[in-house]
Every structure is written in C-alpha cells, then in structure tokens.
Amino acid sequence: MMASHKHDDSVSVVGILGSGVIGASWASLFLARGMQVDLFDAAPDVAATTNAFIRRAWPQLRELDLVETGLDIEDALARLTICDTAAAAVYRARFVQESVPERMPVKHAIYAEIEPVLRPDAVVSTSSSGLLLGDMQQGWKDPSRFILGHPFNPPHLIPLVELLGNEKTSDGVLEFAAAFYERCGKETIFVRKEVPAHVANRLQAAVWREAIHLVAEGVASVGDVDKAMRAGPGLRWSVMGPHMLFSLGSGGLGLDGFCARYGDSFHTWWDSLGSPRLTPEIAAMLADGVADEEAGRSFEELVEERDRKLIAAITAMKDI
Ligand SMILES: NC(=O)c1ccc[n+]([C@@H]2O[C@H](COP(=O)([O-])OP(=O)(O)OC[C@H]3O[C@@H](n4cnc5c(N)ncnc54)[C@H](O)[C@@H]3O)[C@@H](O)[C@H]2O)c1
C-alpha cells in the first residue's frame, strides 16, 4: 500500500467523504499524486460512478503533469478503497477531504461519526462553498483540526483552494493544509475573515450580477456579454489579478497613481451598477441567450471544450 510519496512525506492516506461532483474529482487528484484513498459515499453505486469519474479525469491529470511518474491508472485504482462507513474511510487518514451535500445536518452527522476514530494528527478539510465555518464547527467536540479547504469545480483541474480557519483552529493546521494542497499542484489563499461565499465566489457573484444587469437592461446580448468577458478582462484576469493589472494600466505610476487618475470614473461607474434578482423571467431570458450561444453544441461537447481549453491554458502558463 505504501506509495513513494515523494511529493508529501507526511500524507500517505487521504480519506474522502462524499464522492459526487467534487469528492470524486478530489479522489482522482489524490490518486494521481500516489496516495492511498479511502472513500465513503452514501450512494449504493459509488464504486461505479467514482471509477468512471477517475478514468475520465486521468488523461486530463496526465496532460497537466499531475500524475506521479511511473503511475498508471490501474495502479491508482488499486490504491482506492471504497469503505462501508465514514469511520472506516478516515481512521487511518492523515488528511480528510469532506465533500458531502451542502446541508448542515448532513455535515454535523458525519463529523459526529468520524470524530471519535480520527487519528490525533488528522486534519479534516471541508469543501463547503456556502456554509459558515463557525456553524460547521458546532458539529465537533474539538474543532481545532477542522478547516475549510474550498476548491473550484472541477478540483482536479482548477488550481485554486481557499483556506479558512479561526480562533478555534490549532496553530500550524492551515499551513499544513496549504503545503499539502500545494504539493498536489494547487494554489492556495488564506481567507482571513469569515464572510459568505469566501473570496472567489464573491468575485464571481459581483461580476455575474452586472453581467445579468447588462442583459436585463438590453445593453448587450447574453452571447456578447460572455464574449466581452472571455475576450477581454477574463483573458487578462487569468494572467494577473485586477489590482496588478490596473497598476500596470497606470503606465508606471503605480496603483495609487491609477486611482488618482481614474477614481472619479470608477465612482461614477460603480454608482450605475445594477442589482438584479434571479426572477423566473430573468432566468428564462438568460437561458434563451445561452441557447443561442450554444449554437447546437451539446452539453457534453461544451464540457469537453471547456476542459480542453482550461488544460491548454494552465499547461501553457506553467511553462512561462
Ligand atoms: N459543485 C460545485 O461546483 C462545488 C464547488 C466547490 C465546493 N462544493 C462543495 O462540495 C460539497 C459537495 O458538493 P457536490 O457538488 O460534490 O455535491 P454532490 O451532490 O454532487 O455530491 C455529494 C455526494 O455526497 C453523497 N452523500 C450524501 N449523503 C452522504 C453522507 N451522509 N455521507 C457520505 N456521502 C453522502 C452523495 O451520494 C453524493 O455522491 C458541498 O459542500 C459543496 O458546497 C461544490
């Protein structure tokens, strides 16, 4: 069972709780990194669905150079154990990634089940997108080694993981988790204060709100708003973030120089931004626009196109 673990000497076994969209993707990544994965999911067909996911993800992980040298898919699948209980999936794991449904009673029930059997040095990280850490901690007697490690879908492709602990978190736990994720090829950030939706989803929500407003007000079609984002700021933002880009936009004056020059414009623009609601009418208008944008391409074709382009972009930028 012992893998080479040249990327991380301290984690050889990872526990996975929940193997849906997010958990199966995490499992694929951890297997590619040469770890043993002990996995529990309440669904009866978990073995078949997880296997199918890993087989689909494997060539993508290989393209991203995330598969440990010499490892093939059959070796990896031999390191996957589907367990009958949550406790069985975690008792020997140094790191546990929890990705069960986004409902507090489900999270609390599984924490109560695993806490008595965890190794004393185990770190448990939840993928939760929207629940507050403080509320999830109430499912623990001792939450000091329980943190948030929020990925972006799909976790085996998108590098970002957002990390959050609080005053109840033991010293060094977040840093341990950051080092672990980084050895798995991830890029981590520390969320310093608890707010709904962490950092990246708030940024997405802010941009999408205005994108919807532009469509609803008839300023541009859904397809043109998407094109404006993809061919303009989205492309730049995948290279550098907004602060750095505007600093460069100052022509060498720095971000404070940029603010002095363009601050009034931004204040006027911010004052005119919209606050739409996702009413059935707006949702239908957006769906119609997406149908035009799809131009007959199937769901599967579009997912394949998204993943192919993402992998190409990530791979190209790794070499620069
Ligand atoms: N989908 C996303 O884009 C996304 C992105 C980042 C984080 N997340 C977070 O990841 C978590 C999982 O989301 P998802 O999209 O994978 O959901 P999902 O519904 O696809 O998967 C949840 C899995 O948990 C299983 N399950 C249900 N009850 C269980 C239990 N008691 N014990 C073990 N397994 C159980 C289900 O059978 C299912 O396979 C959520 O907290 C969500 O907020 C989701």
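Those letters in the sequence shown? Residues -17 to 302, by my numbering.
Glycine included, every Cβ here is placed at the ideal spot set by N, Cα and C.
Since we're looking at a predicted model, the values are computed, not measured.
Check	Outcome
I need the DSSP call for phenylalanine 128, collapsed to helix, strand or coil.	strand
Which residues in the same chain as alanine 179 place their Cβ atom closer than 8 Å to its Cβ, once the five residues preceding and following it in sequence are excluded?	Ser111, Gly112, Ala187
Can you tell me where the beta strand (DSSP E) holding serine 120 begins and where it ends?	Reading off the sequence, residue 120 comes out as glutamine, not serine. From DSSP, glutamine 120 is part of no beta strand (DSSP E); its letter is neither H nor E.
For a test of your reading of the model: does the CB of asparagine 148 fall under 8 Å from any non-hydrogen atom of ligand 1? Yes or no.	no
Buried or exposed for serine 280, please, with buried defined as at least 16 other CB atoms from any protein chain shown within 10 angstroms of its CB.	exposed
In terms of residues, what are the limits of the beta strand (DSSP E) holding aspartate 20?	18 to 22
Going by other Cβ atoms of all chains shown within 10 Å of its Cβ, with 16 needed for buried, is alanine 85 buried or exposed?	The sequence shown places arginine at residue 85, rather than the alanine named in the question. Classification for arginine 85: exposed.
Is the beta carbon of valine -7 less than 9 Å from the beta carbon of phenylalanine 240?	no
Do valine 49 and glycine -3 come within 9 Å of each other at the CB atom, strictly closer than that value?	no
Bridge partners of phenylalanine 158, per DSSP?	Paired residue(s): none; phenylalanine 158 is not in a bridge.
Compute every distance between the C-beta of alanine 68 and the non-hydrogen atoms of ligand 1, then say whether any falls below 8 Å.	yes
Could you have a look at cysteine 204 and say whether DSSP puts it in helix, strand or coil?	First, the residue type needs correcting, since residue 204 is valine and not cysteine in the sequence shown. It is helical.
Please give the ranges of any alpha helix (DSSP H) in the segment 183 to 260, keeping only runs that are unbroken, at least 4 residues long and fully inside the region.	204 to 213, 215 to 219, 224 to 230, 236 to 253
Work out the CA separation of methionine 267 and valine 204 for me, nearest whole Å.	9 Å
Any heavy atom of ligand 1 closer than 8 Å to the CB of isoleucine 96?	no
Using a Cβ-based criterion (distance less than 8 Å to any ligand heavy atom), does glutamate 169 qualify as near ligand 1?	no
Using 8 Å as the cut-off, classify the Cβ of histidine 132 as near or not near the heavy atoms of ligand 1, replying yes or no.	yes
Quick check on DSSP: helix, strand or coil for phenylalanine 134?	coil
Measure the CB-CB distance between leucine -1 and glutamine 79 and report whether it falls below 9 Å.	yes
Taking the C-alpha atoms as reference points, what is the distance between leucine 146 and leucine 115?	8 Å
Give me, in chain order, the residues of the same chain whose beta-carbon lies closer than 6 Å to that of tyrosine 93; leave out the 5 immediate sequence neighbours on both sides.	Gly121, Trp122
Cβ of isoleucine 64 versus every heavy atom of ligand 1: is any distance shorter than 8 Å?	no
Under the DSSP definition of a beta bridge, which residues are partnered with leucine 325?	Residue 325 lies beyond the residue range present for the chain, which begins at -17 and ends at 302; the question has no answer from this structure.
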